[in-house]
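First the structure, in the form of structure tokens, and then the observations on it.
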Amino acid sequence: MLLKKLSLFILFSFSFFFLQAQDRANEALAFQYYQQAEYEKAAVLLEKLFNETKDDNYFELYFTSLIKIKKYAEAENIIKKLIPQSPLKTQYPIALGRVYLESGRTAEANKIFLDVISKVQKNEFSIRELANHFYRFEAYDMSISTFLQGRKLLNDDQAFIYELISIYRFKKNKIKLIEEYITVLSTTPQLLPQAQNAFSSVFESNSDYQLLQTALLKKIQKEPDTEVFNQLFIWQFLQQQQYDMALRQLIAQDKRIKDEGALLFNTANTFIANEAYSTAIKAYEYILTKGKENPYYLPARIHLVNTRFQLAINGKYETQEISLLADQYKSILEEYGKNSQTLFALQRWAYLQAYYLNDIKKAEAALEECLTIPGIASMDIGRIKLELGDTYILTQQPWEAVLTYEQVAKQFENQPIGNDAKFRSTRLAFYQGDFNYAKSQADVLKASTSQLIANDALNLSLLISDNLQAKNDSLALLMYAKAEMIQFKNRPELALSKLDSIPLLYPNNSLADDILMAKAKIFLKTSEWAKAVEVLKDLIDSHNDSIWIDDALFTLADLYEKKLDDVAQAKILYQKLMSNYPGSMFNAEARKRFRNLRGDNLG
Numbered sequence: 231m232l233l234k235k236l237s238l239f240i241l242f243s244f245s246f247f248f249l250q251a252q253d254r255a256n257e258a259l260a261f262q263y264y265q266q267a268e269y270e271k272a273a274v275l276l277e278k279l280f281n282e283t284k285d286d287n288y289f290e291l292y293f294t295s296l297i298k299i300k301k302y303a304e305a306e307n308i309i310k311k312l313i314p315q316s317p318l319k320t321q322y323p324i325a326l327g328r329v330y331l332e333s334g335r336t337a338e339a340n341k342i343f344l345d346v347i348s349k350v351q352k353n354e355f356s357i358r359e360l361a362n363h364f365y366r367f368e369a370y371d372m373s374i375s376t377f378l379q380g381r382k383l384l385n386d387d388q389a390f391i392y393e394l395i396s397i398y399r400f401k402k403n404k405i406k407l408i409e410e411y412i413t414v415l416s417t418t419p420q421l422l423p424q425a426q427n428a429f430s431s432v433f434e435s436n437s438d439y440q441l442l443q444t445a446l447l448k449k450i451q452k453e454p455d456t457e458v459f460n461q462l463f464i465w466q467f468l469q470q471q472q473y474d475m476a477l478r479q480l481i482a483q484d485k486r487i488k489d490e491g492a493l494l495f496n497t498a499n500t501f502i503a504n505e506a507y508s509t510a511i512k513a514y515e516y517i518l519t520k521g522k523e524n525p526y527y528l529p530a531r532i533h534l535v536n537t538r539f540q541l542a543i544n545g546k547y548e549t550q551e552i553s554l555l556a557d558q559y560k561s562i563l564e565e566y567g568k569n570s571q572t573l574f575a576l577q578r579w580a581y582l583q584a585y586y587l588n589d590i591k592k593a594e595a596a597l598e599e600c601l602t603i604p605g606i607a608s609m610d611i612g613r614i615k616l617e618l619g620d621t622y623i624l625t626q627q628p629w630e631a632v633l634t635y636e637q638v639a640k641q642f643e644n645q646p647i648g649n650d651a652k653f654r655s656t657r658l659a660f661y662q663g664d665f666n667y668a669k670s671q672a673d674v675l676k677a678s679t680s681q682l683i684a685n686d687a688l689n690l691s692l693l694i695s696d697n698l699q700a701k702n703d704s705l706a707l708l709m710y711a712k713a714e715m716i717q718f719k720n721r722p723e724l725a726l727s728k729l730d731s732i733p734l735l736y737p738n739n740s741l742a743d744d745i746l747m748a749k750a751k752i753f754l755k756t757s758e759w760a761k762a763v764e765v766l767k768d769l770i771d772s773h774n775d776s777i778w779i780d781d782a783l784f785t786l787a788d789l790y791e792k793k794l795d796d797v798a799q800a801k802i803l804y805q806k807l808m809s810n811y812p813g814s815m816f817n818a819e820a821r822k823r824f825r826n827l828r829g830d831n832l833g
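Here my numbering is used: the first residue of the sequence shown is 231, the next is one more, and so on.
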């Protein structure tokens, strides 16, 4: 008897484990079919598994398989039988809604979804579970409605705020995204960087930032002392490149919180990076009004004079303004002495003397004095020598210039500054009309690790080789080199006159595109934007096989973007550069600029 019972137990156990193993095999096969999108086969196995276990995980996969193979009627019949059996489960009515949605019965689907949402239980888990259920099948609006209903039930305006922010950002619902962040920033100001990143990734134009501006103005009126909103208000002006407006708010904030000027000082660097030099100057001048005891006084004074320097050399200038600027550098040197910390002031003073005030001997003496100041880093000495070599060219001492460049090249062999020295020596040979030597040196520098030097060397090499084929072209190239030398001496009007004379003296020469590019660079330096646009367009339209074509495209796009506020034209030109000249050194930057203008999130 005992033996018989034992035999039955073994048989039962064997059958049980056999059935379990078979179920596991069916489950694995069903999952395999599902993952491989073989939904017909998956549905057969999943139906069996669900009927045997009533496991909702099987139901989800089974139901989705029926939807994928468009068996809407079958799915509807199954769900309608399940709903009365489990009236408390929201999963089944939602599934019925999905069937209606997939089969085009949107109104019936929404009615079911809203009914389910209205009956959600008053606890975070149930609300979040229901919202996530909608989210999984991309019913984002229903997910939002669930979270908003949850807020009402929990009587908490900040409940589910992160979930809603995530959905609004994904859907690019700018107004709602602004509302949610303004709500959360009141209590959690440390989320400001996250908010700025979210707005940057979603906003597509200045009109979007103006939506934020309007919302912030209302909030600031209600909470004038909540600094995070003032900070965001300033930030949105910066994004719109409304730098004077940003500065006005920064100064107001600084006075309100009685700050030392840290935020103002740091934001002034942003102004400079975007070439808003006049606004940066106003910022530094304001910091100086705080007095010498302020920790930002000296840095602001230094940045102020350096910014005025940048403003002066990036456009047309008055000699009187340059003289005043030189005196400001001299004042720094007189007050703090000539040392490694004030080296920049002596270098800038020398530069102004050489290229703007026509006192080249003073510039030469000042740079030679720089080399005698103790405690200067070797790299700084190398840069000073490069400047000194350039000054020797201005003082008609080409051999001294070559020797100085060679010193730097030898000391910094295979380094960017060393290659720069070699290129300057090569460029001098070009200015002097020694084209064969200049080309041989440029060909060596084409392999430079510095992309900028390599590109300049390549352009110089091609310029020479393309224009030495005929005597007429060779004579035109000699005149072109003299024009380049004149522009090197910062005499733009004379350089333009020389360039314009080339086609008159040597008609039908091969330098037409080179002349246009040279003129464009002069007009950019003198801030004559309309003339720069004209010659760049001429180059692009008439010389699409020029060595300067990618340079011209990028330069014109940059001009439209940063000076002429024509984003649409800038995007067209960046895209043209990327599409037509994928090997250009400007390609990576063009892609970055294009994506930024398009509103992509660059992280």
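Just so it is clear, CB atoms sit at the ideal spot from N, CA and C, and this is done for glycine as well.
Beta-carbon within less than 7 Å of residue i's beta-carbon, same chain only, minus the 5 sequence neighbours each way: which residues are those?
i, result
"Ile397", "Tyr370, Ser373 and Ile374"
"Ile450", "Phe459, Asn460 and Phe463"
"Arg752", "Residue identity differs from the one stated: residue 752 is Ile in this sequence, not Arg. Around Ile752: Gln717, Pro722, Ala725 and Leu726."
"Tyr292", "Ala273, Leu276, Glu277 and Phe280"
"Tyr514", "Ala498, Ala530, His533, Leu534 and Thr537"
"Gly833", "In this predicted model, Gly833 has a pLDDT of only 43, less than 50, meaning its place in the structure is not dependable; the value taken from the coordinates is given anyway. The answer is none, since no qualifying residue turns up."
"Glu630", "Tyr622"
"Gln424", "none"
Using three-state DSSP, classify residue i as helix, strand or coil.
i, result
"Pro323", "helix"
"Gln626", "coil"
"Phe433", "coil"
"Tyr269", "helix"
"Trp778", "coil"
"Ile562", "helix"
"Ala748", "helix"
"Gln662", "coil"
"Leu587", "coil"
"Val350", "coil"
"Tyr411", "helix"
"Thr456", "coil"
"Pro529", "helix"
"Pro317", "coil"
"Phe242", "At Phe242, the pLDDT of 38 sits below 50, so the modelled position is not reliable and the matter cannot be decided from this model."
"Asn281", "helix"
"Gly545", "coil"
"Ala305", "helix"
"Arg721", "coil"
Assign residue i to buried or exposed, taking buried as 16 or more other Cβ atoms, counted over all protein chains shown, within 10 Å of its Cβ.
i, result
"Asn536", "buried"
"Glu523", "exposed"
"Arg578", "buried"
"Gly545", "exposed"
"Phe665", "buried"
"Val432", "buried"
"Ile487", "exposed"
"Asn739", "buried"
"Ser695", "exposed"
"Glu282", "exposed"
"Ser655", "buried"
"Leu394", "buried"
"Phe289", "buried"
"Thr294", "buried"
"Ala607", "exposed"
With a threshold of 8 Å on Cβ separation, who are the neighbours of residue i within its own chain once the five nearest residues in sequence on each side are excluded?
i, result
"Thr413", "Asp387, Gln388 and Ile391"
"Leu601", "Ile611, Ile614, Lys615 and Leu618"
"Ser731", "Met709"
Report the option in the options whose CA atom is closest to the CA atom of residue i.
i, options, result
"Glu364", "Asn353, Leu384, Ile342 and Asn817", "The question names Glu, but residue 364 in the sequence shown is Phe. The shortest C-alpha separation from Phe364 is found at Ile342."
"Asp438", "Leu783, Ser772, Phe816 and Lys406", "Lys406"
"Glu359", "Phe377, Asp345, Leu344 and Glu368", "Phe377"
"Ala750", "Leu766, Pro314, Asn738 and Leu741", "Leu766"
"Ser680", "Tyr667, Asp650 and Asp796", "Asp650"
"Gln321", "Phe824, Asn287 and Lys301", "Asn287"
"Asp796", "Ser809, Val763, Asp768 and Leu769", "Val763"
"Lys755", "Asn739, Ala325, Thr785 and Asp673", "Thr785"
"Leu688", "Asp781, Phe574, Asn496 and Ser608", "Asp781"
Taking 6 Å as the limit between beta carbons, can you name the residues of its chain near residue i, skipping five residues before and five after?
i, result
"Ser776", "Asp743"
"Tyr586", "Ile552"
"Phe660", "Ala668 and Ala711"
Stretch-stretch touch, CB-based, cutoff 8 Å, three pairs: the segment 462-473 with the segment 498-515: yes
The segment 583-601 / the segment 631-649 touching (three or more Cβ pairs under 8 Å): no
contact_flag[the segment 793-808, the segment 818-827] where n(CB pairs < 8 Å) is 3 or more: yes
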